[in-house]
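Numbering-wise, the numbering used here comes out as the position in the sequence shown, counting from 1, plus 66. Structure record follows, encoded as structure tokens.
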Amino acid sequence: MTDQVSFTADELLASHVYEEPLVVPLLGDELFHGGFDASGEYVSPRTLNRWPAIKAWRAKHEAETGMPLIACPPDFFADFYPNVQQAQYLLSEGLRDPLVQLITHIGTIEGFGAIIRHVQTDDLQRHFADSIEGTATAHLGLGLYEAHARDEAGYEVEGGHQQMWYGVRDLAFENPEVGDPLALVMKAFGSGNDSAGQAMQSMAKSMGGGDRVVPTIDEHMETVILRMTGLLLIELLAANTFKWAEEVVSDDRYCANSAEAARLVDYIRRDEAPHVGYLEVTLTEMRARTFVGEGGVRTPGTKVIDDCWNYSLLQMFGMGGKRSANRDMFVGRVEELLEGKPRRVDILANFHDLATPDPVIEEAAPSRMAAAAPSY
Numbered sequence: 067m068t069d070q071v072s073f074t075a076d077e078l079l080a081s082h083v084y085e086e087p088l089v090v091p092l093l094g095d096e097l098f099h100g101g102f103d104a105s106g107e108y109v110s111p112r113t114l115n116r117w118p119a120i121k122a123w124r125a126k127h128e129a130e131t132g133m134p135l136i137a138c139p140p141d142f143f144a145d146f147y148p149n150v151q152q153a154q155y156l157l158s159e160g161l162r163d164p165l166v167q168l169i170t171h172i173g174t175i176e177g178f179g180a181i182i183r184h185v186q187t188d189d190l191q192r193h194f195a196d197s198i199e200g201t202a203t204a205h206l207g208l209g210l211y212e213a214h215a216r217d218e219a220g221y222e223v224e225g226g227h228q229q230m231w232y233g234v235r236d237l238a239f240e241n242p243e244v245g246d247p248l249a250l251v252m253k254a255f256g257s258g259n260d261s262a263g264q265a266m267q268s269m270a271k272s273m274g275g276g277d278r279v280v281p282t283i284d285e286h287m288e289t290v291i292l293r294m295t296g297l298l299l300i301e302l303l304a305a306n307t308f309k310w311a312e313e314v315v316s317d318d319r320y321c322a323n324s325a326e327a328a329r330l331v332d333y334i335r336r337d338e339a340p341h342v343g344y345l346e347v348t349l350t351e352m353r354a355r356t357f358v359g360e361g362g363v364r365t366p367g368t369k370v371i372d373d374c375w376n377y378s379l380l381q382m383f384g385m386g387g388k389r390s391a392n393r394d395m396f397v398g399r400v401e402e403l404l405e406g407k408p409r410r411v412d413i414l415a416n417f418h419d420l421a422t423p424d425p426v427i428e429e430a431a432p433s434r435m436a437a438a439a440p441s442y
């Protein structure tokens, strides 16, 4: 592990020299980011220095404070909906379209990750009473956000996670007709009265833009933090998505090119690990410091980060373990496809019988400092 804790943006954006690039011939030789080392092992993009940096910042933080990393209560994460058995059942009945749309939706949302490069992080030091030199916090605008954006949406000629998810879909379902993916997502965002809109708006609100959460700190700084807490929750939730997708597309009874599609999901999963890593370290570094607001008002980082973290948890998941919006959106699509079909009632009943019950969360869980992050 390196002892270096200060990096340039170019250093954090640097990739390994690959023996072979990531190209999938079945997708028309489309070039994706990342590549393979001499042993044939996949290596994620922009991790030559980024991973060592994250590990060095974490070690520095732990040595200086002993404070464990921020983590989400694991009981907040229900199984992906629909679960693997439900997805396989739909495919066995010839109902591919809801799953095709779902994977397309995942890819499109990944592409929105490019927005993070536009978050203003100028002069973060003025918001803290303690030094942030040599921390992940100090490097948000010095490569970390830009690397995250490139990973999600691609960069120049290399496809990122958005294009890779579309590749998973096209491999498994042999280039299905999907229409305009962005138009479908934007329609969901704009229709707050239906389940799709509610799901999208809950996700967006978890990243801020509503009422002030910690009014004693700078408003823009609060927005920066809320974007990170919301984004970390999305990244943690993604672990269930990867597990689900790998199992579904690797089933060669219903999916074509199953091995290739599952491998592509695995590469995306590996790429996401640095995102979880730097967000956990950054938020915990901030939690260990004292914030300075307008007029020199000081607020403990434990209050700032815990309040923002819990706000994002509640906005994304809701009290009582509310997770119905995504489920209703998917079920609505299945019901629409089955309209007028003679076996509609039986198929829906069989589908619902395979569902995994959601965990019951009685009240807002406090921020928990523990190793609860998923294994990528």
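Glycine included, C-beta positions come from ideal geometry on N, C-alpha and C.
Check whether the Cβ of G100 sits closer than 7 Å to any heavy atom of the ligand SAM, and report yes or no. Absence of the ligand SAM from the depicted structure is noted, as is the absence of any ligand whatsoever, leaving it without description.
Supposed close pair I136, E338 - CB separation, criterion 8 Å: The Cβ separation is near 17 Å, so there is no contact.
Simplified DSSP assignment, three categories, for Y221: strand
Identify whether Q70 lies in helix, strand or coil by the three-state DSSP scheme. coil
State the Cα-Cα distance for the pair R409 and L78, rounded to the nearest angstrom. 55 Å
Starting from H99, trace the beta strand (DSSP E) both ways and give me its first and last residue. E96 to F102
Inter-residue spacing [alpha-carbon to alpha-carbon] between A144 and G361: 43 Å
Would you say P340 and I120 are within 8 Å of each other, going by their C-beta atoms? yes
Report the rounded CA-to-CA distance for P111 versus A125, giving the unit in angstroms. 23 Å
Would you mind giving the Cβ-Cβ distance between R200 and T187, rounded to the nearest angstrom? I have them listed as a contact below 8 Å. One detail in the question is off: residue 200 reads as Gly in this sequence, not Arg. In fact, because the Cβ distance is near 16 Å, the residues do not count as touching under 8 Å.
Would E301 pass as a contact of V331 if the rule is Cβ separation under 8 Å? no
In terms of residue numbering, what span does the beta strand (DSSP E) encompassing L88 cover? E86 to V90
Which same chain residues end up closer than 8 Å to A322 when comparing Cβ atoms and leaving out the 5 residues on each side of it in sequence? L237, A238, F239 and E240
Backbone secondary structure at E137 - three-state DSSP: In the sequence as presented, Glu is not what sits at residue 137; that position holds Ala. If DSSP states are grouped into helix, strand and coil, A137 belongs with the strands.
Leaving aside the five residues before and after Y232 along the sequence, list all residues of the same chain whose C-beta is less than 6 Å from its C-beta, in chain order. G173
Please name the residue, chosen from E326, G209 and A304, that lies closest to D76 on a Cα-to-Cα basis. G209
Please confirm whether A202 and T348 have their CB atoms less than 8 Å apart. yes
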